[in-house]
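Chains as they are written, first to last, in the working numbering: chain A, 1 to 473; chain B, 1001 to 1204. Every residue, glycine too, gets a C-beta built ideally from N, C-alpha and C. Source: prediction; values computed, not measured.
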Amino acid sequence: MNDQNNRDAFEQFLTDETDKHQLFASDAVWANISKQVQKEKSWPALTIVAFFIVIGLSVATILNYPPDNILAKAHYNDSVQIAHQKEAAAIIASKAKDDDLESRISSQKITAKTFAEIEKHQQAVALAAVTPTVSVVDVKVKPEVAVTEKVRKPLAVKENVLANNGSPFTKEETLPLAMAAITDEVANTTNTDIAKSDDKIGESDANEGVTDNVYKDYFAALIKKKATKKSTRWTYDIYATPSKSYRNLEDDKVRNLYTTTSIPNANNTNTASLSNAVRHKPALGSEAGIAIGYNLTTKLTVKAGLQFNIRQYYIDAYQTFGIATIAIVQNNRLDSLSFYTRFGSSGNSYSETKLDNRLYQLSIPLGLEWTAFEGKKLGLNLGASVQPTFTLNKNVYLISTDYKYYANGASFFRKWNINTAVNINFSYKINNGSKLYFGPQVRYQHLPTYNDAYPIKEYRLDYGVKIGFIKGF
Amino acid sequence: MSILRVKTLPPMTEQTIIQGCLQNDLLAQRELYNMFSPKMLSVCYRFAQHREDAEDMLQEAFIKVFTQIHTFQNKGAFEGWIRRIVVHTCINFLKKYKKFNEHVDLDYANNLFVKEESIPSIMQAKQVVECIRLLPLGYRTVLNLYAIEGYSHKEVGELLEIGESTSRSQYTRAKAMLETILVNKRIIEHPKHELNWMAAIRNK
């Protein structure tokens, strides 16, 4: 540093004047500094939302096209194809044999031996027609062939089931998993089912022989039966709720603390009430989430899920400059904290501006849903949930204790909160037992937005329309 | 009905703020920022070309203050320590884009068209600062460092990576130019008579 004694009057004048000069930085400067210094990680909201959407779609896809059905369908197609091939091969072989016989007969060598051969052949054919079908399942065969035999010969399976204590396959461990599932179905089929199937097959045989359609129906009935039997109590629910946020401000309980303090407060101002000082407009927010439900009874379902919320409202403010003093309440004692701010609650029309109090939140809704009415297609449900909620950002503005200014509320923000929601849903059944629903919802925030140190309590209330989709697993 | 005893707690002292900042306490950091940012933004403003640049400089400087506060050893004034960080941040900011060894003819000051409305007449300090900001960047930086921040020409030369003699000549020209501007603005009179010019300051 230079020697201060060498400074001339001009330099001293410059130093004195510039020392008096002060400038006030915009709020963004402090916001950036605190973000950098506190290492606050910006929440990747879009990534999280995209992740949930992808997960939701994947789950929905898997549940709508269960692999078991796909495999069963594939095996069914294979078995039908193989059956056709075997049938065709048998016809060709039989025709070849007949041709051979005819060629031998037509060779002008008809003798007694020829007639004997024809008679022997006819007897063999007649014998084959009356001989009971022999099950091939005890023979070690390729799985596809085994399936074919099972599909085409339910009667043989029944006999084999009875003969092997309910297990139609002696080499079950060699079968693939999907086939084992089919085996279970057949094994679980009751005698009545089999008798019905026999009757059906018997009728078909009598009219036009054993056709593929009969087996197809039979197999489809089994699969349907399995699906019906497995309709569980579990459901999943994907929903979104466009909503509007309102707020309620209260400071009645701390007003008596202001009487003996020098902190600028509402008692010193002319403002009649808090609601007159704060002008806010509701803004559109939304909630989106997924939930898993469990039907306790036919009418009552318990639900749990994960939900992403955007809640916001606008504050009508004015650009000005001032010091926002916030009284801090600690054990019924008052302290104060002052912030430089550029926003006031009053001013002229030229300086009007709008502040956006927007929150990004993650909730875990835990709730109950009661079915008040359920018709063939339409239904009415009443729901309620408790939602522990974590707020991901804290870019909010709060009003000073004297209601004159707005300041950044990050220092007072409460990260965890509790919300409850109640809703009425009108539902409409679509295919596969799934439902679309919509209905009004009210959501209330129980703890104040800011912590206990901030004397003015803010409670938020959202009104929205819930739209969703429910499907059983 | 119970009577509540209300007592306002004393404001945070500088030492309390430093302790809080050492523990990365947000309230203490905010208090420190509130305490020093107006004055430090003024420093940045004198160095910067634009107000936006000044805020960027201030932001960068305060991040350094908060992250390096453990290096403050209570040997000097805390404000002086912060100010040195701010000044160095400003110089580094300017170094990225500008050179400081430019030469401007003294007639530049006489030809400067100083609009009355371009210098707000709210207070003299602000007028003086605005006049300083009218100087070319190199002159302004040297003048800020030498005359206002109290650096020696040797230190100025090292900071700006120019020769000591260059710093001296730049300062001489900057001073003459600023005097001319201040006279044109009628903030000072008789700049040639250094012994008496203080008395001629208007509105003092």
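{"Check": "Can you find a C-beta in chain A that's less than 8 Å from the C-beta of residue 1142 of chain B?", "Outcome": "no"}
{"Check": "Nearest chain B C-beta to residue 351 of chain A closer than 8 Å, yes or no?", "Outcome": "no"}
{"Check": "Who are the neighbours of residue 456 of chain A on chain B, taking C-beta pairs under 8 Å?", "Outcome": "Chain B residues near residue 456 of chain A: none, gap ~17 Å exceeds 8 Å."}
{"Check": "Against residue 1058 of chain B, what residues of chain A qualify as contacts under a CB-to-CB distance less than 7 Å, listed in chain order?", "Outcome": "25 and 29"}
{"Check": "Between the C-alpha atoms of residue 1017 of chain B and residue 1027 of chain B, what's the straight-line distance to the nearest angstrom?", "Outcome": "9 Å"}
{"Check": "Taking 8 Å as the CB-CB limit, is residue 37 of chain A close to chain B?", "Outcome": "yes"}
{"Check": "So which residues of chain B does residue 22 of chain A contact, with C-beta pairs closer than 8 Å?", "Outcome": "1038, 1039, 1041 and 1042"}
{"Check": "Taking residue 238 of chain A as part of the beta strand (DSSP E), name the residues at either end of that continuous run.", "Outcome": "234-250"}
{"Check": "So if I threshold CB-CB distances at 9 Å, which residues from the region 1125-1149 of chain B count as touching chain A?", "Outcome": "1125, 1126, 1127, 1128, 1129, 1132, 1143, 1144, 1146, 1147, 1148 and 1149"}
{"Check": "Starting from residue 280 of chain A, trace the beta strand (DSSP E) both ways and give me its first and last residue.", "Outcome": "280-282"}
{"Check": "Can you give me the Cβ contacts of residue 1070 of chain B inside the same chain, cut-off strictly under 7 Å, excluding the 5 residues immediately before and after it?", "Outcome": "1022"}
{"Check": "Closest Cβ-Cβ distance between residue 467 of chain A and chain B: below 8 Å?", "Outcome": "no"}
{"Check": "On the CB-based measure, 16 or more other CB atoms within 10 Å of its CB, does residue 388 of chain A come out buried or exposed?", "Outcome": "exposed"}
{"Check": "In this structure, does DSSP put residue 442 of chain A in helix, strand or coil?", "Outcome": "strand"}
{"Check": "Mapping DSSP to helix, strand and coil, what is residue 1002 of chain B?", "Outcome": "In this prediction, residue 1002 of chain B has a pLDDT of 36, which is less than 50 and means its spatial position is unreliable; nothing more can be read from the coordinates."}
{"Check": "Taking beta-carbon pairs under 9 Å, can you tell me which members of the region 1163-1177 of chain B lie near chain A?", "Outcome": "1175"}
{"Check": "May I ask whether a heavy atom of the ligand FMN can be found less than 7 Å away from the beta carbon of residue 436 of chain A?", "Outcome": "The ligand FMN is not part of this structure, which contains no ligands at all."}
{"Check": "Take residue 1043 of chain B and list the residues in its own chain whose beta-carbon comes closer than 6 Å to its own, dropping the five residues that flank it on each side.", "Outcome": "1086"}
{"Check": "Please list the segments of the beta strand (DSSP E) lying wholly inside the region 310-368 of chain A, counting only runs of 3 or more residues, in order along the chain.", "Outcome": "333-344 and 352-363"}
{"Check": "The alpha helix (DSSP H) that contains residue 1142 of chain B, what's its start and end?", "Outcome": "1137-1143"}
{"Check": "Any beta carbon from chain B within less than 8 Å of residue 403 of chain A's own beta carbon?", "Outcome": "no"}
{"Check": "Could you check the C-alpha separation between residue 401 of chain A and residue 327 of chain A for me, to the nearest Å?", "Outcome": "6 Å"}
{"Check": "Please go through the same chain and pick out, in chain order, the residues whose beta-carbon is closer than 7 Å to the beta-carbon of residue 371 of chain A, but skip the five residues on each side of it.", "Outcome": "299, 379 and 381"}
{"Check": "Does the Cβ of residue 1120 of chain B have 16 or more other Cβ atoms within 10 Å, making it buried, or fewer, making it exposed?", "Outcome": "Low confidence applies here, because residue 1120 of chain B scores a pLDDT of 48, under 50, leaving its location unreliable; read the following figure in that light. By the 10 Å Cβ count, residue 1120 of chain B comes out exposed."}
{"Check": "Give the interface partners of residue 32 of chain A over in chain B, defined as CB-CB distance under 8 Å, in chain order.", "Outcome": "1059"}
{"Check": "DSSP three-state call for residue 424 of chain A: helix, strand or coil?", "Outcome": "strand"}
{"Check": "Can you look up residue 18 of chain A in the DSSP assignment and give me helix, strand or coil?", "Outcome": "helix"}
{"Check": "Measuring only the C-alpha atoms, how far is residue 1143 of chain B from residue 1150 of chain B?", "Outcome": "10 Å"}
{"Check": "Please list, in chain order, the chain A residues whose beta carbon lies closer than 7 Å to that of residue 1055 of chain B.", "Outcome": "25, 26 and 29"}
{"Check": "Classify residue 1091 of chain B as buried or exposed, calling it buried when 16 or more other Cβ atoms lie within 10 Å of its own Cβ.", "Outcome": "buried"}
{"Check": "For residue 15 of chain A and chain B, any beta-carbon pair shorter than 8 Å?", "Outcome": "yes"}
{"Check": "Roughly how far, in whole angstroms, is the beta-carbon of residue 422 of chain A from the beta-carbon of residue 384 of chain A, given that I think they are within contact range, below 8 Å?", "Outcome": "5 Å"}
{"Check": "Using CA atoms only, rank isn't needed, just tell me which of A/392, A/404, A/417 and A/373 is closest to residue 424 of chain A.", "Outcome": "A/373"}
{"Check": "List the residues of chain B that residue 341 of chain A touches, going by C-beta distances under 8 Å, in chain order.", "Outcome": "By Cβ distance, chain B contributes nothing, its closest Cβ being about 11 Å from residue 341 of chain A, past 8 Å."}
{"Check": "Helix, strand or coil for residue 1182 of chain B, going by three-state DSSP, please let me know.", "Outcome": "helix"}
{"Check": "Output the distance between the C-alpha atoms of residue 1175 of chain B and residue 1049 of chain B, rounded to the nearest integer angstrom.", "Outcome": "19 Å"}
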